[in-house]
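Input: a single structure, listed below in C-alpha cells.
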Amino acid sequence: MKKFFVITLLTSSLALAQIENPSDTQTAADSVNDPADGTLAKPTAAQKKVVPNAAKKAQAVPATKPMSGKTTTNKLAPTQAVPSVIDNDGIEPVPDQPYEIEEEKPKPKVRKEATRDNTTRKETPAAHDGHLFGFHGDINVPHILNYGLDYWHSSKYFSVALNAGGYKINNLAKSSDLPNGANFKISNQEAVLRYHPFAGSFYLGLGFGKHEVNVDANRQIQVTSPVSGTADVAINDKIKANYFLPHIGWLWKTSFGMTFGMDLGYLSPSGPSVDLTTKISNISNPLVTEDMVKSTDDYKKAYQEVVDNSEKFGKMGLPYWTVFRIGYMF
168 MKKFFVITLL
178 TSSLALAQIE
188 NPSDTQTAAD
198 SVNDPADGTL
208 AKPTAAQKKV
218 VPNAAKKAQA
228 VPATKPMSGK
238 TTTNKLAPTQ
248 AVPSVIDNDG
258 IEPVPDQPYE
268 IEEEKPKPKV
278 RKEATRDNTT
288 RKETPAAHDG
298 HLFGFHGDIN
308 VPHILNYGLD
318 YWHSSKYFSV
328 ALNAGGYKIN
338 NLAKSSDLPN
348 GANFKISNQE
358 AVLRYHPFAG
368 SFYLGLGFGK
378 HEVNVDANRQ
388 IQVTSPVSGT
398 ADVAINDKIK
408 ANYFLPHIGW
418 LWKTSFGMTF
428 GMDLGYLSPS
438 GPSVDLTTKI
448 SNISNPLVTE
458 DMVKSTDDYK
468 KAYQEVVDNS
478 EKFGKMGLPY
488 WTVFRIGYMF
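Be aware that the sequence shown starts at 168, since it is given in my numbering, and climbs by one per residue.
Written out as C-alpha cells, the structure is:
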C-alpha cells in the first residue's frame, strides 16, 4: 500500500512539474529512466530527435575568408571525433566525416604599369638615343679634304657640324701658256646646320663659311724687242671669299657608332677679295726692264691663265659634292 502511495505521489509531482516547466520535466523523467552503470538501454524518442540534430549542427561550420583572398572551408580534422550530445547514455557517436579544403585557383599575373590614378599606361620603348657627339672626315669638291666635329640632338631632328680643311695640288692646269702648270692651294672653315624632317638619315642643310684660294704659277718669259733677253716670272693670285652652302644629304649611323654620309649642294661665294701679285727675277740682259717683260704676249697669256683659274674657284658659284664621309659618334 505504501509503495502504491509513493508511486501515485511521484506521478502527480511529475505531471505538475511538466505543466510548469516541460523541459525540467523531461530532464527529470530522463533521470528517472536512466539505467544503472554498465546497463545498455534503448534511447527514447526524444533522444533520437536530439542526437541527429546536434550532430548536424556540429558538422556544419561556416566558411571563413582569410586575408590572402582565398576562400577556405573549415571543417573538423579527420582525427577529431564529433562529441556525443548525451554522455554515458550508451548511444554510439556520429561517425567522423571526411573534409576538404577548397581553394580558389590563382589567377595569372598580368604585368601592368599603373599610374597614381589607377589607370593603365602602355609601356613604349625609347624612340631615340640621347645627344650624340662625334668627329668625321670627308672627300668633297671643291675643298677636296675636310675634317670636323659633329653634334646630333636627342630628338634626331637637328644636327650641327663644324668643318675645316684644305688641300694643295702642284703643277695643275698645264698648258702652252703655263708649261709647268700652276700650284693650287685651298683652305676653308665652315659651320653647318642640318634639319632632319623625318628624324632619320636624310636632312636639309645650310652652311656658312669662308675659304681662301691661292694659285701660283712660274714661267720663263722671252723678250725680243727692243732688246733680247729672258726673265723668270712668278704670278700669285690670292682670293678670299665668304660663301653660303645650301645642300641636301644623308647621315647614317650604325649601332656601334660609325657614321657614313654624303652631300649635294651649291657653293655661292659672297664678297670676294682679290690680291694679285707678280714677281720678275733672273733677267738675263741688264737692258731688259720689267715693263718690257710685262708687255710681251707670253706674259699676258700666263697672267690671264692664273687669274682665270683662281677666280673660277674663288669668285664663281660652284656645285658642291661630298663624295664620301666617314666618322664616329658616341
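By construction, the Cβ of each residue, glycine as well, lies at the ideal position given by its N, Cα and C atoms. Since the structure is predicted, the reported quantities are computational estimates derived from the model, not experimental observations.
Which whole-angstrom value describes the C-beta separation of residue i and residue j, a residue pair presumed to lie in contact below a C-beta threshold of 8 angstroms?
i      : j      : result
Val165 : Gly348 : This structure leaves residue 165 out entirely; the chain is present only between 168 and 497.
Ala408 : His378 : 6 angstroms
Tyr410 : Leu434 : 5 angstroms
Gly424 : Tyr370 : In fact, because the Cβ distance is near 19 angstroms, the residues do not count as touching under 8 angstroms.
Ile388 : Asp465 : 5 angstroms
Ser342 : Glu472 : 7 angstroms
Ala366 : Lys323 : 4 angstroms
Ser321 : Gly297 : 5 angstroms
Report the three-state DSSP secondary structure of residue i (helix, strand or coil).
i      : result
Asp344 : coil
Lys461 : helix
Tyr470 : helix
Asn476 : helix
Val490 : strand
Leu339 : strand
Ile450 : coil
Val380 : strand
Tyr495 : strand
Pro309 : coil
Thr391 : coil
Ala366 : coil
Val359 : strand
Gly372 : strand
Met425 : strand
Thr444 : strand
Lys407 : strand
Val400 : strand
His298 : coil
Val455 : coil
His414 : strand
Ser321 : coil
Gly484 : coil
Is it right to say residue i is buried, meaning 16 or more other beta carbons lie within 10 angstroms of its own, or is it exposed?
i      : result
Ala328 : buried
Ser437 : exposed
Trp319 : buried
Thr282 : Legend: pLDDT at Thr282 = 49, less than 50; position of this residue unreliable, value from coordinates given subsequently. By the 10 Å Cβ count, Thr282 comes out exposed.
Ala293 : Residue confidence is low: Ala293 scores 40 on pLDDT, short of 50, so the model does not pin down where it sits. Its coordinate-derived value is still stated next. Exposed.
Met459 : buried
Ser477 : buried
His363 : buried
Ser310 : According to the sequence provided, residue 310 is His. The question's Ser does not apply to it. So His310 counts as buried.
Leu454 : exposed
Thr426 : buried
Ile353 : buried
Ile493 : exposed
Phe497 : exposed
Val490 : exposed
Ser422 : exposed
Phe300 : exposed
Ile447 : buried
Based on Cα-Cα distance, which residue from the options lies nearest to residue i?
i      : options                           : result
Gly304 : Gly297, Asp317 and Phe375         : Asp317
Arg386 : Met429, Lys468 and Asn330         : Lys468
Ser462 : Lys479, Glu478, Leu485 and Pro393 : Pro393
Gly376 : Gly428, Gly332, Asn476 and Ser477 : Gly332
Leu412 : Phe427, Asn355 and Ser477         : Asn355
Tyr334 : Pro346, Leu312, Lys323 and Asn381 : Leu312
Lys482 : Ser395, Asn381 and Phe491         : Asn381
Asn307 : Ile493, Ala340 and Trp488         : Trp488
Thr456 : Gly396, Gly484, Asp475 and Ile336 : Gly396
Asp383 : Leu339, Lys420, Ala366 and Thr421 : Leu339
Tyr314 : Lys323, Asn330 and Ser326         : Asn330
Gly428 : Glu357, Pro346 and Arg361         : Arg361
Thr391 : Lys479, Ser451 and Gly301         : Ser451
Glu357 : Gly374, Gly301 and Trp417         : Gly374
Asp344 : Tyr470, Asn337 and Leu418         : Tyr470
Pro439 : Ile447, Asn449 and Lys479         : Lys479
Asp475 : Asn337, Phe302, Ser448 and Phe351 : Phe351
Phe302 : Pro346, Pro486, Leu485 and Leu418 : Leu418
Comparing the CB of residue i with every heavy atom of the ligand FMN, is any distance shorter than 8 angstroms?
i      : result
Leu434 : In the structure shown, the ligand FMN is absent, as is every other ligand, since no ligand is present at all.
Measure from the C-beta of residue i to each C-beta in chain D and report whether the shortest distance is under 9 angstroms.
i      : result
Leu329 : The question asks about chain D, but that chain is absent: this structure has only one protein chain.
**Three CB pairs or more closer than 8 angstroms across the segment 401 to 415 and the segment 434 to 445** = Yes, the segment 401 to 415 touches the segment 434 to 445.
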